[in-house]
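One structure is given here, and the rest of the page talks about it.
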Amino acid sequence: MSDSRQRGILGRLGYPDSSIAGFSMVLSGFIALMGIITAEVLYPNYSTRQDISDLGSTRPPNPVIHEPSATIFNGTMLVTGALVLVAALFVYRATNRRGFPVVLAIFGFGAFGVGVFPGNVTPWHGLFALLTFFSGGLAVVLSSRVVSRPFSVLCGLFGGISLLFLVSVFFYGLVIGGPHPLESLGGGGIERWVVYPLVLWTLAFGGYLLGTADDDLSRSPR
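According to UniProt numbering, the sequence shown is numbered sequentially starting from 1.
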């Protein structure tokens, strides 16, 4: 990595941009996973068949909010989104691939918006949730262009699974107009097949960045 890239905000302390991005990604994935689990445990009679966003608030017309689950979940989304935005900035500085960092930033912005607008705030919560799911899946797929094999294959797989489940929900709901083949999982179970591949990728991608911090990410094999 060039000296100019190493002399970033924190690079002056000896940390290259890719290392800072990796640290932010791992931390965001850890906070997202543990924050959701903690909110689930503290939510009375919560079932993973429920939407993840129910942890912040259920939908109108009679929204239900349980504390401290709501504060934990909404705070988790705010912090997670902010950390992904930080990572996107430093990924942008560390690579000559501009499309991926921009989509990654949109992913972080969407997650932050989910925290700002809980499930009882319509239509904004739904719009930000959809933005998070779509941009997240796309970011995971695009990341395969800036990492080496065989990790690039896993990025394509994780992103593809997330997008496939997301598209399937709209396909069966709007086009087919019938039940989803995995309806037995419940809405929350299907949603987790969209979300958890993204969370696991943030941990894996962050670890990759930390492990290749001394290399120039812009020259990573495609």
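Glycine included, C-beta positions come from ideal geometry on N, C-alpha and C.
Item	Value
May I have the straight-line CA-CA distance separating Pro118 from Ser57, to the nearest angstrom?	6 angstroms
Residues in its own chain within less than 8 angstroms of Leu42 by CB, not counting five upstream and five downstream?	His66, Pro68, Ser69 and Ile72
Which same chain residues end up closer than 6 angstroms to Phe158 when comparing Cβ atoms and leaving out the 5 residues on each side of it in sequence?	Val140, Pro197 and Trp201
Pick helix, strand or coil for Met192, following the three-state DSSP scheme.	A small fix is needed here, since residue 192 is Arg in this sequence, not Met. Three-state DSSP puts Arg192 in a helix.
Within the same chain, show all residues whose beta-carbon is closer than 7 angstroms to that of Ser135, passing over the 5 residues directly before and after it, in chain order.	Val103, Ile106, Phe107 and Gly110
Put Gly119 into one of helix, strand or coil per three-state DSSP.	coil
I need the DSSP call for His180, collapsed to helix, strand or coil.	coil
Quick one, are the C-beta atoms of Leu27 and Leu83 less than 8 angstroms apart?	yes
Taking only three categories from DSSP, how would you classify His66?	coil
Which of the three DSSP states, helix, strand or coil, is assigned to Thr58?	coil
Taking the Cβ atom as the reference point for each residue, do Gly186 and Arg98 lie within a distance shorter than 8 angstroms?	no
Please work out which residues of its chain come closer than 6 angstroms, Cβ to Cβ, to Gly81, disregarding the five sequence neighbours upstream and downstream, and give them in chain order.	Gly108, Ala111 and Phe112
Between Gly193 and Asp17, what straight-line distance do the alpha-carbon atoms span, to the nearest angstrom?	Note that residue 193 is Trp in the sequence shown here, rather than Gly. Straight-line Cα distance between these residues: approximately 31 angstroms.
To which residues of the same chain is Met77 closer than 6 angstroms at the C-beta, ignoring the five residues directly before and after it?	Ala111, Val114 and Gly115
Quick test of your reading: Gly178 and Gly22, contact by CB under 8 angstroms. State the CB separation rounded to the nearest angstrom.	43 angstroms between Cβ atoms; not a contact.
Does Gly29 pass the burial test, meaning 16 or more other C-beta atoms within 10 Å, or should it be called exposed?	buried
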